[in-house]
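Data first, discussion second: the structure below is written as structure tokens.
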Amino acid sequence: MYFATDLLAAWGLNLEYGVAGVLNFGYIAVIAVGAYAYGVLTLPSPAANGNYQHYVLGLHLEPAAAFVIVIAVGCVFGGLVALVGRHRLRPDYQAIMLLVVAAVALAVSEADTALVNGNPGLTLLPNPLGTTGPTAGNGWVYVGILLAICVAGYFVLRRFSDGPLGRSLRAVRDDSDAALAIGKDVVGLRMLVQVVGGGFGALAGGLLAAFIGAWSPSAWSFSETLSLLTAVIVGGVASNYGVVAGVILVPVILQQLSQYIPGLNTRPQLAADIGWMLTSALTIFFIWFRPTGIVPDRRPRYGVGRRRRLWTYAPEPAHVATDLAVHSALAGAASPMDAVASDSPTSHEAGEILASTFALPRRPFAPGPAPTAAGTAPLLEVSDVVVKFGGVRAVDGVSMQVPAGTITGLIGPNGAGKSTLVNALTGFVRPDSGRISFNGKEISNQPAHRRARAGLVRSFQLSRQFSRLSVIENLLVGRQSHPAESALGIALGLRYWKQAELENVDRAWELLRAFNLHTKANMAASNLSGGERRMVELMRALMAEPKMLVLDEPLAGLSPAWAERFEEALLQLRSSGIGFLLIEHELGIVERQCEAVVMMARGRVLSVGTMQELRMRPEVQAAYVMG
Ligand code: ADP
Ligand code: MG
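According to my numbering, the stretch in the sequence shown is residues -7 to 619, in order.
So this is what it looks like as structure tokens:
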């Protein structure tokens, strides 16, 4: 019985914390809300019940109907709690805030009000099987029903924790800023898991209260949340199967069965304390020696066909033959497959393949204007943008334009305000004044993910990746408005979004081949070298089908060979119609690639022109020499 209710609760917590990274220290509050909700929904009115306890409602509903409402109440409560912390609160602050919410909820339930009978709590709750109390003799029937609910719950849970939606949630967990930059609605996704997690927690609480027949403030404390959190960590963070193992080990064996140790059955407090000591020791052990838990979160492998699940199987796209032909011609290899196997092409080859990929009519990259039309209308227009940090005017009235289909350089000494300007353009800091318009629309007040969805995609000065996802998954996350992330996609499941996902996987393979990283597709992104990370970041941005890419010092820290490869890729991408704003310290690439260059110093635009022109100007030389 405890296993089933703890499992439902731990699954909900795992969706919030393990999958999406929302550290909900106050999770016990939704469990308690569910338990109380079951009480006040099923009890008759206090007067009809002997008037010895005080509570609201007393609706005397059928237990089955009550559980439907209990789940809904949990979802609403979870969503309300998420609302309190929705404003891009850092995860650690959010965790503390959730703890406070639980403390407030406990205080409210304890206070001697007529709400839920204060400290004594609610008793004589109707048993769903028609009898009262745990000793009713049909305990095993109840356990059977609970296990059936767990199985059903698992299939609901999977709709959120697996597939493209689960992948996006994990991306938010691993790096919420990088997820924002490719258009993920981080706030909305966090809200979603707290709504669903709230439903699971409340159902668990309701079932528990119904079985015990009572619920009071002493039945729930913060330590219950810790016990569930330990089950998630020990079982396997983000792994639904792992949580099953974790729940058996922690809340069931360590917490419940410790009281049956011979000699301890007469000393329940000692038994509970020993249970907690073992739980703590186990947590420390797993964090040190096996952080992925008993059953780690397995990511799907792509293009391997080992498990013949369709979305893990990438069919060879028809045009690959041409790619390989180009590749093998250049590499002078005997057969196309030899060329694929060779792991280190020159940047030139990579560029050629890239070109042939982007020349594909099947699904052209940016729907932006053709290169010939470039320069007619600016894609991005910035006017008089100011960003202040306290007294520092990091960006001090910058105006500039970036046309489509060209590469515009943005240079300037360290501290000039380049990164801050990028943040302001892409929605990562709020400008104090000024206007930004993109593709003819004012975007100054749009949140970051909206700007990315409109086609304004950025990279970061320090490259970021979703480190617990594989390389190809890092790309797959980039797909904009995936049908699997819509309400219909969640409701209808695989058959609704399979086609889109297959195309998504195809596209990721195209890019990986073009960048010659296909042999690392199924590797964890955290194992990549610095240069490979830059490439993955670029590919992920391309998956989001940008109209404009803002690259913040993409060459920083790259080896000369990787820098050359990156430049080659840039050259090929330019002909696809994407506009670039290239922030770079290394002036060589700027001179070679950028038509127009904007030079910033101390938050202001100092000079605009070609690199050759800029080199001649005394104010530019002075800024670079003086810093
Ligand atoms: P660049 O990218 O051109 O090297 P930045 O945009 O990173 O320059 O920084 C511009 C100025 O703004 C610097 O003086 C820097 O110290 C300041 N700055 C940047 N970010 C912050 C912040 N979050 N808080 C306070 N000051 C900041
Ligand atoms: Mg910078």
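Glycine included, each C-beta is placed from N, C-alpha and C at the ideal position. Because the structure is a prediction, the values reported are computed rather than measured.
Just checking my contact of residue i with residue j at CB under 8 Å: how many whole Å lie between their CB atoms?
i	j	result
Lys512	Glu524	7 Å
Val414	Ile575	6 Å
Arg596	Gly389	7 Å
Ile63	Gly191	5 Å
Val65	Arg162	Val65 to Arg162, Cβ: 28 Å. No contact.
Leu5	Gly155	That belief does not hold up - the Cβ atoms of Leu5 and Gly155 are roughly 20 Å apart, past 8 Å.
Arg291	Leu461	6 Å
Thr115	Gly205	7 Å
Ala211	Ser101	Not a contact, Cβ separation roughly 10 Å.
Tyr28	Val108	5 Å
Ile20	Phe203	About 17 Å separates the two Cβ atoms, so there is no contact after all.
DSSP three-state label for residue i, please.
i	result
Asp(-2)	helix
Glu216	helix
Glu587	coil
Asp376	strand
Ile266	helix
Ala103	coil
Asp544	strand
Tyr294	coil
Asp169	helix
Ile399	strand
Tyr47	strand
Val65	helix
Val14	coil
Val224	helix
Lys176	coil
Asn130	coil
Val185	helix
Gly122	coil
Glu537	coil
Ser334	Because Ser334 carries a pLDDT of 37, less than 50, the predicted location of this residue cannot be relied on, and the following value inherits that uncertainty. Coil.
Ile23	helix
Met621	Shown here, the chain extends from -7 to 619; a query on residue 621 therefore has no answer.
Gln613	helix
Gly193	helix
Arg422	coil
Val469	coil
Asn406	coil
Ile279	helix
Met(-7)	coil
Ala555	helix
Ser231	coil
Ile253	coil
Pro83	helix
Gly285	coil
Phe507	coil
Thr258	coil
Ala323	Low confidence applies to Ala323: its pLDDT is 37, below 50, so where it sits in the model is not reliable, and the reading given next is rough at best. DSSP places Ala323 in helix when its eight states are reduced to three.
In the DSSP assignment, what residue or residues form a beta bridge with residue i?
i	result
Ser599	Met591
Ala516	Ser462
Glu434	Ser429
Trp207	Leu114
Gln393	Glu373
Leu573	Thr400 and Val542
Asp388	Val378
Arg450	Val542
Val108	Tyr47
Between residue i and the ligand MG, is the CB less than 7 Å from at least one heavy atom?
i	result
Gln627	Absent from the structure is residue 627, since the part of the chain shown begins at -7 and ends at 619.
Asp544	yes
Taking 8 Å as the threshold (beta carbon to beta carbon), is residue i in contact with chain C?
i	result
Gln564	Protein chains in the displayed structure number just one, and chain C is not present.
With the ligand ADP as the reference, list in chain order each residue whose Cβ lies under 5 Å from any of its heavy atoms.
-> Phe381, Ala386, Asn406, Gly407, Ala408, Gly409, Lys410, Ser411 and Thr412
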